[in-house]
Amino acid sequence: MSRTRIRSLLLLALGAGLSAGPPFLTDDPEPVDLGHLELYLFSSGERIPGVSSGFGPAVEFNYGILPDTQFHLIVPYAYDRTQGLPSQGGLGDTEVGIKYRFLHEAGALPQIGIFPFVEIPTGNAENRLGAGHTRVYLPVWAQKSWGPWTTYGGYGWWRNPGDGNRNWTYAGWLLQRELGEQLTLGAEAFRTTAMTWTGQASTGFNLGGQVNLSAKHHLLFSAGRNVTGETQTYFYLGYQLTTGPYGNLGDWFHRSHS
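In the numbering used here, the protein residues as written are 27 to 284.
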(Lines of atoms letter the chains of each structure in order from A and count residues from 1; the text may use other names and numbers.)
(Lines give C-alpha, C1' and ligand atoms only; values in the text may rest on other atoms or scores of the structure.)
Protein backbone atom coordinates (compact mmCIF):
# COMPACT_ATOMS: atom_id res chain seq x y z
CA MET A 1 0.00 0.00 0.00
CA SER A 2 1.35 3.46 -0.95
CA ARG A 3 2.09 6.08 1.70
CA THR A 4 -0.35 8.43 -0.05
CA ARG A 5 -3.11 5.82 0.28
CA ILE A 6 -2.31 5.24 3.97
CA ARG A 7 -2.30 8.96 4.79
CA SER A 8 -5.63 9.38 2.98
CA LEU A 9 -7.23 6.63 5.07
CA LEU A 10 -5.93 8.10 8.32
CA LEU A 11 -7.08 11.63 7.55
CA LEU A 12 -10.55 10.42 6.59
CA ALA A 13 -10.95 8.17 9.60
CA LEU A 14 -9.59 10.79 11.99
CA GLY A 15 -12.27 13.16 10.77
CA ALA A 16 -14.81 10.65 12.02
CA GLY A 17 -12.98 10.55 15.34
CA LEU A 18 -13.28 14.29 15.80
CA SER A 19 -17.04 14.11 15.52
CA ALA A 20 -17.43 11.42 18.15
CA GLY A 21 -19.09 11.39 21.53
CA PRO A 22 -16.00 11.40 23.73
CA PRO A 23 -14.31 9.04 24.29
CA PHE A 24 -16.00 6.91 21.59
CA LEU A 25 -16.51 7.12 17.82
CA THR A 26 -20.28 6.66 18.19
CA ASP A 27 -22.20 9.70 19.46
CA ASP A 28 -25.45 10.19 21.40
CA PRO A 29 -28.45 12.50 20.77
CA GLU A 30 -28.27 14.30 24.13
CA PRO A 31 -27.18 17.98 23.84
CA VAL A 32 -25.60 20.07 26.57
CA ASP A 33 -28.29 21.62 28.78
CA LEU A 34 -29.34 25.21 28.10
CA GLY A 35 -26.70 27.61 29.43
CA HIS A 36 -24.30 24.81 30.35
CA LEU A 37 -20.78 24.39 29.01
CA GLU A 38 -18.51 21.43 28.24
CA LEU A 39 -14.81 21.94 27.53
CA TYR A 40 -12.51 19.08 26.49
CA LEU A 41 -8.73 19.01 26.21
CA PHE A 42 -7.85 15.76 24.48
CA SER A 43 -5.53 13.72 22.32
CA SER A 44 -6.75 11.10 19.85
CA GLY A 45 -5.03 9.11 17.16
CA GLU A 46 -4.94 6.14 14.84
CA ARG A 47 -2.21 3.94 13.49
CA ILE A 48 -1.71 1.85 10.37
CA PRO A 49 1.61 -0.04 10.12
CA GLY A 50 4.25 2.55 9.17
CA VAL A 51 2.04 5.58 9.77
CA SER A 52 0.50 7.26 12.82
CA SER A 53 -1.64 10.40 12.73
CA GLY A 54 -3.79 12.19 15.23
CA PHE A 55 -4.73 15.26 17.18
CA GLY A 56 -3.25 16.53 20.42
CA PRO A 57 -3.65 18.77 22.07
CA ALA A 58 -7.11 19.52 20.72
CA VAL A 59 -9.86 21.65 22.26
CA GLU A 60 -13.58 20.86 22.04
CA PHE A 61 -16.23 23.41 23.07
CA ASN A 62 -19.93 22.52 23.52
CA TYR A 63 -22.50 25.05 24.75
CA GLY A 64 -26.28 24.85 25.21
CA ILE A 65 -27.49 27.82 23.16
CA LEU A 66 -31.22 26.93 23.09
CA PRO A 67 -33.43 24.24 24.65
CA ASP A 68 -32.36 20.86 23.19
CA THR A 69 -29.76 22.65 21.03
CA GLN A 70 -25.98 22.60 21.40
CA PHE A 71 -23.29 24.59 19.57
CA HIS A 72 -20.14 22.56 18.89
CA LEU A 73 -16.57 23.54 17.97
CA ILE A 74 -13.28 21.59 17.78
CA VAL A 75 -9.90 23.20 17.05
CA PRO A 76 -7.12 20.57 16.89
CA TYR A 77 -3.36 20.49 16.68
CA ALA A 78 -2.68 17.72 14.17
CA TYR A 79 0.37 15.52 13.69
CA ASP A 80 1.54 13.00 11.09
CA ARG A 81 4.41 10.54 11.47
CA THR A 82 4.99 8.56 8.30
CA GLN A 83 7.92 6.18 8.06
CA GLY A 84 10.54 7.57 5.67
CA LEU A 85 9.11 11.12 5.66
CA PRO A 86 9.66 14.12 7.97
CA SER A 87 7.22 14.31 10.87
CA GLN A 88 4.65 17.09 10.55
CA GLY A 89 2.62 19.06 13.11
CA GLY A 90 0.34 22.10 13.10
CA LEU A 91 -3.25 23.29 12.97
CA GLY A 92 -5.67 20.63 11.75
CA ASP A 93 -9.13 20.93 10.19
CA THR A 94 -11.68 22.84 12.30
CA GLU A 95 -15.07 21.32 13.11
CA VAL A 96 -18.27 23.37 13.61
CA GLY A 97 -21.74 21.95 14.17
CA ILE A 98 -25.13 21.95 15.90
CA LYS A 99 -26.67 19.07 17.87
CA TYR A 100 -30.48 19.13 18.10
CA ARG A 101 -32.66 16.66 20.02
CA PHE A 102 -36.20 16.47 18.60
CA LEU A 103 -37.57 13.55 20.63
CA HIS A 104 -37.19 13.01 24.38
CA GLU A 105 -37.01 9.62 26.02
CA ALA A 106 -40.42 8.59 27.42
CA GLY A 107 -41.55 5.12 28.38
CA ALA A 108 -40.44 2.71 25.68
CA LEU A 109 -39.49 5.55 23.31
CA PRO A 110 -35.82 6.54 22.98
CA GLN A 111 -34.53 10.06 22.67
CA ILE A 112 -33.51 10.92 19.10
CA GLY A 113 -31.44 13.78 17.69
CA ILE A 114 -29.32 14.97 14.79
CA PHE A 115 -25.79 16.37 14.84
CA PRO A 116 -24.80 17.88 11.46
CA PHE A 117 -21.43 19.58 11.22
CA VAL A 118 -18.87 20.88 8.77
CA GLU A 119 -15.11 20.25 8.77
CA ILE A 120 -13.36 23.39 7.52
CA PRO A 121 -10.01 22.71 5.77
CA THR A 122 -7.81 24.85 8.04
CA GLY A 123 -5.09 22.17 8.14
CA ASN A 124 -2.25 22.12 5.61
CA ALA A 125 -3.06 19.24 3.25
CA GLU A 126 0.40 19.36 1.64
CA ASN A 127 1.92 18.68 5.06
CA ARG A 128 -0.54 15.82 5.67
CA LEU A 129 -2.38 17.79 8.37
CA GLY A 130 -5.78 18.22 6.73
CA ALA A 131 -8.12 16.84 4.09
CA GLY A 132 -7.77 19.84 1.78
CA HIS A 133 -11.54 19.96 1.20
CA THR A 134 -14.65 20.96 3.16
CA ARG A 135 -16.39 17.85 4.45
CA VAL A 136 -19.95 17.54 5.78
CA TYR A 137 -21.36 14.94 8.18
CA LEU A 138 -25.11 14.24 8.56
CA PRO A 139 -25.84 11.73 11.36
CA VAL A 140 -28.91 10.74 13.38
CA TRP A 141 -28.55 9.26 16.87
CA ALA A 142 -30.89 7.45 19.32
CA GLN A 143 -30.47 6.62 23.02
CA LYS A 144 -32.28 4.57 25.71
CA SER A 145 -31.44 4.24 29.41
CA TRP A 146 -32.61 1.92 32.17
CA GLY A 147 -31.14 1.92 35.66
CA PRO A 148 -27.33 2.12 35.45
CA TRP A 149 -27.33 1.03 31.78
CA THR A 150 -27.36 3.28 28.70
CA THR A 151 -27.26 2.29 25.04
CA TYR A 152 -27.03 4.60 22.03
CA GLY A 153 -25.99 4.68 18.40
CA GLY A 154 -27.04 5.52 14.88
CA TYR A 155 -26.04 6.17 11.31
CA GLY A 156 -24.32 9.03 9.47
CA TRP A 157 -23.41 10.04 5.92
CA TRP A 158 -20.19 11.85 5.01
CA ARG A 159 -19.82 14.14 2.01
CA ASN A 160 -16.18 13.58 1.12
CA PRO A 161 -14.92 15.45 -1.98
CA GLY A 162 -11.43 15.15 -3.43
CA ASP A 163 -9.52 13.10 -5.98
CA GLY A 164 -9.88 9.39 -5.28
CA ASN A 165 -12.30 9.97 -2.38
CA ARG A 166 -15.89 8.80 -2.17
CA ASN A 167 -18.82 9.65 0.08
CA TRP A 168 -19.10 7.12 2.87
CA THR A 169 -21.24 6.08 5.84
CA TYR A 170 -20.74 5.26 9.50
CA ALA A 171 -22.93 3.02 11.67
CA GLY A 172 -22.21 2.35 15.33
CA TRP A 173 -23.78 1.23 18.58
CA LEU A 174 -22.60 1.42 22.19
CA LEU A 175 -23.54 -0.08 25.55
CA GLN A 176 -22.27 1.40 28.82
CA ARG A 177 -22.85 0.97 32.54
CA GLU A 178 -22.37 3.24 35.52
CA LEU A 179 -20.32 1.55 38.24
CA GLY A 180 -21.11 3.90 41.10
CA GLU A 181 -20.81 7.68 40.97
CA GLN A 182 -17.17 7.80 39.86
CA LEU A 183 -16.81 5.30 37.01
CA THR A 184 -18.64 4.49 33.77
CA LEU A 185 -17.41 1.80 31.36
CA GLY A 186 -18.61 1.03 27.84
CA ALA A 187 -18.00 -0.85 24.59
CA GLU A 188 -18.95 0.02 21.02
CA ALA A 189 -19.01 -1.73 17.67
CA PHE A 190 -19.00 0.18 14.38
CA ARG A 191 -18.79 -0.23 10.62
CA THR A 192 -17.72 2.20 7.88
CA THR A 193 -18.07 1.89 4.14
CA ALA A 194 -15.07 2.56 1.89
CA MET A 195 -13.74 6.14 2.12
CA THR A 196 -11.87 6.02 -1.21
CA TRP A 197 -12.60 4.33 -4.56
CA THR A 198 -9.83 1.79 -3.93
CA GLY A 199 -10.57 1.40 -0.22
CA GLN A 200 -12.31 -1.22 1.86
CA ALA A 201 -15.23 -1.26 4.24
CA SER A 202 -14.18 -1.92 7.83
CA THR A 203 -15.63 -3.16 11.12
CA GLY A 204 -14.14 -2.39 14.52
CA PHE A 205 -14.66 -1.92 18.24
CA ASN A 206 -13.63 0.36 21.11
CA LEU A 207 -13.51 -0.12 24.88
CA GLY A 208 -13.41 2.86 27.21
CA GLY A 209 -14.97 4.89 29.97
CA GLN A 210 -15.14 7.96 32.16
CA VAL A 211 -13.75 8.68 35.62
CA ASN A 212 -15.54 11.44 37.54
CA LEU A 213 -13.00 13.26 39.69
CA SER A 214 -15.74 15.64 40.88
CA ALA A 215 -19.02 17.08 39.60
CA LYS A 216 -17.07 19.32 37.18
CA HIS A 217 -13.85 17.43 36.40
CA HIS A 218 -13.70 14.18 34.43
CA LEU A 219 -11.16 11.92 32.69
CA LEU A 220 -12.12 10.00 29.52
CA PHE A 221 -10.31 7.17 27.74
CA SER A 222 -10.78 4.54 25.05
CA ALA A 223 -8.82 2.21 22.78
CA GLY A 224 -9.80 -0.14 19.98
CA ARG A 225 -9.04 -1.60 16.58
CA ASN A 226 -10.51 -2.81 13.32
CA VAL A 227 -11.33 -6.49 12.95
CA THR A 228 -12.01 -6.33 9.19
CA GLY A 229 -10.65 -4.02 6.50
CA GLU A 230 -7.44 -2.05 7.02
CA THR A 231 -5.28 -2.94 10.03
CA GLN A 232 -5.94 0.05 12.24
CA THR A 233 -5.82 0.89 15.96
CA TYR A 234 -7.38 3.86 17.80
CA PHE A 235 -7.01 5.72 21.08
CA TYR A 236 -8.56 8.67 22.93
CA LEU A 237 -7.44 10.34 26.17
CA GLY A 238 -9.09 13.52 27.42
CA TYR A 239 -10.00 15.83 30.27
CA GLN A 240 -13.52 17.30 30.50
CA LEU A 241 -14.71 20.37 32.40
CA THR A 242 -18.48 20.80 32.85
CA THR A 243 -20.05 24.00 34.19
CA GLY A 244 -23.44 25.67 34.36
CA PRO A 245 -25.84 27.14 34.27
CA TYR A 246 -23.97 30.16 32.93
CA GLY A 247 -20.73 29.12 34.56
CA ASN A 248 -17.32 30.59 33.68
CA LEU A 249 -17.25 31.29 29.91
CA GLY A 250 -21.02 30.68 29.70
CA ASP A 251 -21.63 33.35 32.36
CA TRP A 252 -19.58 35.89 30.36
CA PHE A 253 -21.47 34.99 27.16
CA HIS A 254 -24.86 35.37 28.86
CA ARG A 255 -24.04 38.73 30.44
CA SER A 256 -22.56 40.16 27.23
CA HIS A 257 -25.70 39.26 25.23
CA SER A 258 -28.37 40.27 27.76
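Glycine is no exception: its CB is placed at the ideal position from the N, C-alpha and C atoms.
- With respect to the 9 Å criterion, Gly180 and Pro48 are not classified as neighbours on the basis of their beta carbons.
- By the Cβ test, the segment 100-117 is in contact with the segment 72-86, since at least three Cβ pairs between them sit closer than 8 Å.
- Residue pairing by DSSP puts Pro102 in a beta bridge opposite Ala84.
- When rounded, the separation of the alpha-carbon atoms in Gly182 and Val144 is 13 Å.
- The beta-bridge partner set that DSSP reports for Gln169 consists of Gln137, Tyr178.
- Taking the Cα of Gly255 as reference, the smallest distance to any Cα among Thr219, Leu129, Val166 is reached at Thr219.
- Annotation: Lys242 is outside any beta strand (DSSP E) and is labelled neither H nor E by DSSP.
- Counting C-beta pairs closer than 8 Å gives fewer than three between the segment 127-147 and the segment 188-195, which falls short of the contact rule.
- Distance between Leu246 and Gln236, taken at the CA atoms: about 5 Å.
- Glu121 sits in a strand when the DSSP states are folded into three classes.
- In the displayed model, Glu256 falls within coil according to three-state DSSP, outside both helix and strand.
- Taking a contact as a CB-CB distance under 8 Å, the pair Phe231 and Gly212 does not count as one, their CB atoms being some 11 Å apart.
- For Leu200, the enclosing beta strand (DSSP E) stretches over residues 194-204.
- By a beta-carbon distance limit of 8 Å, Thr268 contacts Glu64. Their separation comes to about 5 Å.
- Rounded to whole angstroms, Gly270 and Ser240 show a C-alpha spacing of 14 Å.
- Only exposed fits Gln208, as fewer than 16 other CB atoms lie within 10 angstroms of its CB.
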